[in-house]
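Undergrad: Below are the structure tokens for one structure; questions will follow.
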Amino acid sequence: MEATELNEHTHCSSDRKSHHSEDMKKNLTTRLNRIEGQVRGIKGMIDKDTYCDDVITQIAATQSALNSVSKLLLEGHMKSCIVDRIQEGDLEVVDELLVTMKRLMKK
Numbered sequence: 237m238e239a240t241e242l243n244e245h246t247h248c249s250s251d252r253k254s255h256h257s258e259d260m261k262k263n264l265t266t267r268l269n270r271i272e273g274q275v276r277g278i279k280g281m282i283d284k285d286t287y288c289d290d291v292i293t294q295i296a297a298t299q300s301a302l303n304s305v306s307k308l309l310l311e312g313h314m315k316s317c318i319v320d321r322i323q324e325g326d327l328e329v330v331d332e333l334l335v336t337m338k339r340l341m342k343k
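If you read the sequence shown in the working numbering, its first letter stands for residue 237, the second for the next number, and so on.
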């Protein structure tokens, strides 16, 4: 997909809103707050000249936590947003989903 096509897809999605349950929002926010704390901790480790391998281990743990948030969001997106749009006859959402999944698989 060309960059202009990708921008068109991402531009379109900015007009839409997600519809997560309050429990899901709370779960995601809690996880993201924890991740934010991990990132601050990593910065502190670097400031304190912590052994590189220990810092890398913490970075890997933080990346894993972010991946878990992505998986939760993707699952919810597929079960609600994607299904809804396909039922509305919007098959372009499949291409959007493929771009999103390719982006996630690069990690």
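Even for Gly, the Cβ is constructed at its ideal location relative to N, Cα and C.
Within the region 269-317, note down every full alpha helix (DSSP H) run reaching 4 residues or more, in order along the chain.
TA: List check, alpha helix (DSSP H) in window: 288-312.
Undergrad: CB Ala296 to CB Arg270, shorter than 9 Å?
TA: No. Outside cutoff.
Undergrad: Does the Cβ-Cβ distance between Val275 and Thr293 come in under 9 Å?
TA: Contact: no.
Undergrad: Within 10 angstroms of its Cβ, does Ala239 collect 16 or more other Cβ (buried), or is it exposed?
TA: Per-residue confidence for Ala239 stands at a pLDDT of 41, beneath the threshold of 50, marking its modelled position as unreliable; the derived number appears in the next sentence. Label assigned to Ala239: exposed.
Undergrad: Mind checking whether Leu333 and His313 have CB atoms under 9 Å apart?
TA: Result yes, Cβ atoms of Leu333 and His313 sit closer than 9 Å.
Undergrad: Does Val319 pass the burial test, meaning 16 or more other C-beta atoms within 10 Å, or should it be called exposed?
TA: Per the 10 Å Cβ criterion, exposed.
Undergrad: Given His255, which residues of its chain have a CB within under 7 Å of its CB, disregarding the five upstream and five downstream residues?
TA: Excluding residues within five positions, the ones whose Cβ falls inside 7 Å are Ser316.
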